[in-house]
Each structure stands twice: as structure tokens, then as C-alpha cells.
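Heads up: the sequence shown is residues 19 to 313, going by my numbering. All C-beta atoms in this analysis are idealised placements derived from N, C-alpha and C, irrespective of residue type, glycine included.
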Amino acid sequence: MKPDLYGIFGNPLTHSLSPAMQENAFRESGIEARYLLLPLDLAGLRAVLTRKRNLLLKGFNVTIPFKETVSRYLEDVSEEARLVGAVNTVFVRNGRWAGTNTDVFGFMQSLGRDASMSPRGKNAVVLGAGGAARAAVYSLCKAGISSAAIFNRSEARARRLTEEFGNLFPDARLTAHALRDPFLTEAVKKAALVVNATSMGLKASDPMPLPAESIPRAAGKGRGKLFYDLIYAPAETPFLREARRKGHRVLNGVGMLVYQGAKAFECWTNRRAPVKIMRAALLEALKNRESGMKV
Ligand SMILES: NC(=O)c1ccc[n+]([C@@H]2O[C@H](COP(=O)([O-])OP(=O)(O)OC[C@H]3O[C@@H](n4cnc5c(N)ncnc54)[C@H](OP(=O)(O)O)[C@@H]3O)[C@@H](O)[C@H]2O)c1
């Protein structure tokens, strides 16, 4: 029997951790399947999507730079993906290609399951206004956050985000600010949750996305805030290190990556994802990638 085929479209893809995570999940679930890296251009992606009578793939992920553009070739896009403005998972529903955004689920699950946090009624600070920040802010609004202050290098981009989501979620108080706005210190002081959704911290030479002085010392044991960095490699960014040293709880992006992958697996197979196996496979792949980089 030929294995079912899944994969990921994007460019570049050399560092993708999804094959390790998904192939281990298939194996654990007794599904004969392969997960391929598909570094195609937009024309290649379109060719796959328009050949629906002869489906080559049973489903796939989409990453940079196609997350925003793939929806034009899909016949069905979930409300979440439409509102967030990005599709990261494509699957077949009723013989048609359907797209969704599992980052929203990934973010919420990691907050709840890995950090036992419910955002309802709380104040948050979100650094960044790109794709990941949109998924995070959308999730927080949906979960009933009281307020979210969005700080971004491009203030105009933060403003567009708050205007869009402010209309959708009128009960959430959303404000937009420049990343260097001195109000950041006060906003962090009032927040229960501070999310880094910028890419600052990916490289060892990156400065912190906010001044270290903006992170106050935790008010006492068990009374700290949650500092959540969506970056998963390195496992501890300077943002998380500073927050941990000052007595706060910290969470990196591993959980979000695992849960978004688990949700994609469930969309494709209608089976419960083996989350523990997927997390272990991801951590192993990260370790191998790190040691490969040191060689
Ligand atoms: N854990 C997960 O599953 C997961 C999922 C998705 C993304 N992520 C992580 O989230 C981060 C953002 O990803 P994304 O998809 O949202 O990327 P994106 O759409 O390209 O957005 C990048 C964000 O970083 C800001 N930024 C970039 N360089 C900066 C600099 N030098 N100074 C200040 N701000 C800077 C951008 O600000 P401007 O708007 O001003 O350019 C923007 O807010 C990445 O680190 C990614 O690895 C994690």
C-alpha cells in the first residue's frame, strides 16, 4: 500500500521541525504516511490546489511566504483564518480544499495547558503586530481578555490590528503603541501576561524587544506575571531570562508549535493527536538542529 502524503509548502524550509513531529505522530497512530518538505513557488502550489480530482496530497501546512496568499486558491476558509489573515493548514473537506489557522488553537492551548492561564478579565501586553501577534491577539480577545496593549516597531501596523479586532471584539480594550513608547513600563506593570510576538530574540545578537528596566521584580512568590515568548529556538531568549531572573513565570513557543501541529494532524486524519509523542519528537529535532549548528 502506498503511504498517504502530507507536507509543508514554504520557502525556505530547511529548518522545518514539522516532518519530525508529524511523521512520529503518524507512526504512533499506525498511519502509513510521509510528510514532505515542498519548497515550491506560488505556481507550484496553485498547480497542486487546482488538481483536486487527482489529489496527490491528503493535506499540508503552509508557511512563509504563502500563509497570506494561499487562501485565494481554497474553496473553503475558516472564520479564524479569514480574520487572522493567514492559513497555515489545508485539508480536504467534502472533496474540497479547506484552509484554517491552527496557530490560534496552538497559542490558546499552550496558555491553558502549559501555563494554566485563563486570559478572561486580565490585562495583557503584546509586543509585535505581525502574523503571530495577530493569532495571539485574536485568541486573547476570543478568550475574553479585558485589555491588550499592542506595541510594535511600526505603530501603524499595530493600529491596523487594534482597529480590526476592536470592531470584532468591542468588549476588549485594545490600544496601539510604538515599541519605544515609554508607556510600555506602565502597561507591563498592570499586565498579568506579556507576550513577545516579535522575531527579536531569534538571533543571539538580537537586543531584547523591550528595555530590561520595563520588567519589574515579581511582587512575591507566586505573584509574578507570565512572560510568554513565541520563539522556541533558543529555548530561553534574553526576554525570558530577564523575566525568570526577576521571579516571573516564563513560557517559550514550543507548546504553541506542538499544539498547532496536533490540531493540523487532527484536521487531516480525524484522529486524536498523540501530543506527548509530538512534543518529544520536536524537542529531539530541536536538540539535533542545535548540535548540527555547533559542528
Ligand atoms: N511558536 C510558534 O508556533 C510560532 C508560530 C508563529 C511564529 N512564531 C514566532 O513569532 C515571531 C514572529 O513571527 P511572525 O510570523 O509574526 O513574523 P512577521 O509577521 O514577520 O512579524 C515580525 C514581527 O517582529 C517585528 N520585528 C522584526 N524585526 C524587528 C526589529 N529589528 N525590531 C523590532 N521589531 C521587529 C515586526 O515589527 P514590524 O511590524 O515593525 O516590522 C513584527 O511585529 C517569530 O519569532 C516566529 O518564530 C512562533
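Taking one beta carbon from each stretch, the segment 228 to 246 and the segment 192 to 211 have 3 or more pairs nearer than 8 angstroms; the two touch.
Note that the C-beta distance between LEU300 and LEU35 is below 8 angstroms.
Distances from the CB of MET274 to the heavy atoms of ligand 1 include at least one below 7 angstroms. About 6 angstroms separates the Cβ atoms of ALA291 and ALA43, confirming a contact at the 8 angstroms cut-off.
The beta carbon of ASN79 sits no closer than 7 angstroms to any heavy atom of ligand 1.
Per DSSP, ALA282 is one residue of the alpha helix (DSSP H) stretching across 272 to 287. GLY77 sits in a strand when the DSSP states are folded into three classes. When rounded, the separation of the alpha-carbon atoms in ALA194 and VAL144 is 10 angstroms.
In the three-state reduction of the DSSP assignment, VAL102 falls in the helix class, which pools H, G and I.
8 angstroms or more divides the Cβ of ALA133 from the Cβ of PHE169. Excluding its 5 nearest sequence neighbours in each direction, GLN40 has C-beta neighbours in its own chain below 6 angstroms: TYR53, listed in chain order. Taking a C-beta distance under 8 angstroms as the contact criterion, LEU275 and GLY103 do not qualify as a contact pair. Its chain contains no residue whose beta carbon lies nearer than 6 angstroms to that of LEU60 once the 5 sequence neighbours on both sides are disregarded.
Inter-segment contact for the segment 251 to 259 and the segment 208 to 222 is present: three or more beta-carbon pairs are separated by less than 8 angstroms.
Given a length threshold of 4 residues, each whole run of the alpha helix (DSSP H) inside the segment 194 to 226 is given here in chain order: 201 to 208.
Its Cα nearest to that of GLY25, the residue LEU75 stands out among GLU46, THR32, LEU75.
Taking ASP224 as reference, the option from ALA251, GLY48, PHE78 with the minimal CA-CA separation is ALA251. DSSP places LEU301 within a helical segment (H, G or I) once states are collapsed to three. DSSP places PHE125 in the uninterrupted alpha helix (DSSP H) bounded by 120 to 127. Looking only at LEU31, PHE187, LYS264, GLY149, the smallest Cα-Cα distance to ILE163 is reached by PHE187.
Counting along the chain, no beta strand (DSSP E) covers LEU60; the unbroken alpha helix (DSSP H) around it starts and ends at 60 to 68.
Looking only at ALA253, PRO37, ILE82, ALA116, the smallest Cα-Cα distance to GLU93 is reached by ALA116. Short of 6 angstroms from the beta carbon of GLN127, and not among the five residues preceding or following it, lie these beta carbons of its own chain, in chain order: TYR277. Short of 7 angstroms from the beta carbon of VAL80, and not among the five residues preceding or following it, lie these beta carbons of its own chain, in chain order: PHE27, GLY28, VAL88, VAL105, ASN106, VAL108. In the three-state reduction of the DSSP assignment, ILE233 falls in the coil class.
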